[in-house]
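Working notes, structure below.
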Amino acid sequence: MQQRWPNRLWIVRHGESAGNVAAEAAHGASLARIDIAERDVDVPLSALGGRQAEAVGRWFADLPAGGRPEIVLTSPYRRARQTSEHIRAAGGLAQGAPEHLVDERLREKELGILDRLTRTGVEQLYPEQAEMRRRLGKFYHRPPSGESWCDVIQRLRSVLDTVSLHHGERRVLIVAHQVVVLCLRYLIEDMTEAEILAIDAAGDVANCSVTEYAFRPREGSTGKLVLERYNFVAPVAEAGAPVTSEPDANVAAR
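When you read off a place in the sequence shown, starting at 1, and then add 777, the result is the number in this note's numbering.
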């Protein structure tokens, strides 16, 4: 039987972005709105985010030549694409690896009318949405024109179908966003709502952290991906770049 899954799968959150910095500043000042001019899709890496991406790229480059990513799938958001480019420039991909494949299904969770609002802003401007979120929980709450975690999971199911259809037995790197990392864990590890929300509550996914799976052919009836590390920040820390985990501007109220 042909193997459905990659031999190894890495999921990396993008480096610190200008939106992360703006969100942190808005929270620190108890502001309602996050001050950033660009569309979320156009928000670039900060200078620190570039250093973080270079650091994780060098970590991949230090892997054996036959152990580096062969395929890269990335969110279309600028900060994720820039992170992918830094990883390639640092020599972090296998020789002959094609250009990264941009997949819009890997985009960040959309907040709709709550975009660019802090939690304080949501409570002030849309108190009915704040109450609905408290009642339903973040897993099921869908703000007007936005997405719930379930909506993100639905589109990521088809991403994993694509990976299993086209990239079985390969080494695959996904570069995306905090909620995407968590929702992929939910799917790959067959978690419950309570289990994934407990992981989320324990701490944010750090910028340029590595989540890594290895295929184990003897697990289950046909083999499965097994988690080897989660939110692994040593590549960034060892390079001397500060580890950051600020929320993105459009999910500061998530």
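Glycine included, C-beta positions come from ideal geometry on N, C-alpha and C.
Keep in mind that this is a model prediction, so the values were computed, not measured.
Residue interval of the alpha helix (DSSP H) (run including residue i)
{"i": "TRP926", "result": "926 to 943"}
{"i": "ILE976", "result": "970 to 979"}
{"i": "ILE965", "result": "955 to 965"}
{"i": "VAL798", "result": "795 to 805"}
{"i": "ALA907", "result": "904 to 913"}
Assigned secondary structure, residue i (DSSP; H/G/I helix, E/B strand, else coil)
{"i": "PHE1009", "result": "strand"}
{"i": "PHE837", "result": "helix"}
{"i": "VAL1028", "result": "Residue confidence for VAL1028 is low, a pLDDT of 49 falling below 50, so the modelled location carries little weight; the figure read from the coordinates is stated next. Correct three-state label for VAL1028: helix."}
{"i": "VAL982", "result": "coil"}
{"i": "SER861", "result": "helix"}
{"i": "ARG845", "result": "coil"}
{"i": "ILE811", "result": "coil"}
{"i": "THR999", "result": "coil"}
{"i": "LEU878", "result": "strand"}
{"i": "ARG896", "result": "helix"}
{"i": "LEU891", "result": "helix"}
{"i": "VAL818", "result": "helix"}
{"i": "ARG948", "result": "strand"}
{"i": "LEU870", "result": "coil"}
Proximity to residue i [Cα-Cα], best of the options
{"i": "ILE965", "options": "ARG947, PHE992, ALA979", "result": "PHE992"}
{"i": "ARG828", "options": "ALA809, ALA806, SER794", "result": "SER794"}
{"i": "SER935", "options": "LEU883, ALA971, GLY843", "result": "LEU883"}
{"i": "MET956", "options": "ILE864, GLU924, VAL940, GLU989", "result": "Sequence check: residue 956 is Val here, not Met. The shortest C-alpha separation from VAL956 is found at GLU924."}
{"i": "GLN779", "options": "HIS863, HIS944, PHE837", "result": "HIS944"}
{"i": "VAL789", "options": "ARG781, GLY805, ALA830", "result": "ALA830"}
{"i": "ARG932", "options": "GLU908, GLU885, LEU891, HIS791", "result": "GLU885"}
{"i": "ASN784", "options": "VAL949, ASN1008, ALA1014, ALA1016", "result": "VAL949"}
{"i": "LEU786", "options": "GLY834, PRO1012, GLU1015, GLU1005", "result": "GLU1005"}
{"i": "PHE837", "options": "PRO1012, ILE848, GLY869", "result": "GLY869"}
{"i": "ASN1008", "options": "SER1022, VAL987, ARG995, ASP1025", "result": "VAL987"}
{"i": "PRO994", "options": "GLU946, ALA953, ALA975, GLU815", "result": "GLU946"}
{"i": "TYR917", "options": "GLU900, LEU888, GLU801, SER941", "result": "LEU888"}
{"i": "GLN747", "options": "SER861, ILE848, ASP892", "result": "No information on residue 747 is available, as it lies outside the stretch 778 to 1031 that the chain covers here."}
{"i": "VAL982", "options": "SER861, GLU996, ALA800, VAL1010", "result": "VAL1010"}
{"i": "ASP977", "options": "CYS985, ARG865, ILE813, SER1022", "result": "SER1022"}
N-terminal and C-terminal residue of the beta strand (DSSP E) that residue i is part of
{"i": "ARG790", "result": "785 to 790"}
{"i": "VAL987", "result": "987 to 993"}
Sequence-distant residues of its chain with Cβ nearer than 7 angstroms to residue i (five each side left out)
{"i": "ILE973", "result": "LEU959, ARG962, TYR963"}
{"i": "PRO821", "result": "SER794, ALA795, ARG855, ARG856, GLN859"}
{"i": "PRO1019", "result": "LEU825"}
{"i": "LEU840", "result": "none"}
{"i": "VAL833", "result": "VAL789, ILE864, CYS985, VAL987, PRO1012, VAL1013"}
Close beta carbons around residue i, own chain, < 6 angstroms, minus the five adjacent residues each side
{"i": "SER880", "result": "Here residue 880 turns out to be Asp, not Ser, going by the sequence shown. Closer than 6 angstroms at Cβ, skipping near neighbours: LEU850."}
Buried versus exposed call for residue i [16 or more other C-beta atoms within 10 Å across all chains shown]
{"i": "SER998", "result": "exposed"}
{"i": "ALA1029", "result": "Low local confidence applies: a pLDDT of 43 at ALA1029 is under 50, so the model's placement there is unreliable, with the coordinate-based value given in what follows. Flag for ALA1029 reads buried."}
{"i": "ARG910", "result": "buried"}
{"i": "LEU913", "result": "exposed"}
{"i": "GLU905", "result": "exposed"}
{"i": "PRO846", "result": "buried"}
{"i": "GLY843", "result": "exposed"}
{"i": "GLY1017", "result": "exposed"}
{"i": "GLY898", "result": "buried"}
{"i": "PRO1012", "result": "buried"}
{"i": "PRO920", "result": "buried"}
{"i": "ARG893", "result": "buried"}
{"i": "ILE890", "result": "exposed"}
{"i": "GLY980", "result": "exposed"}
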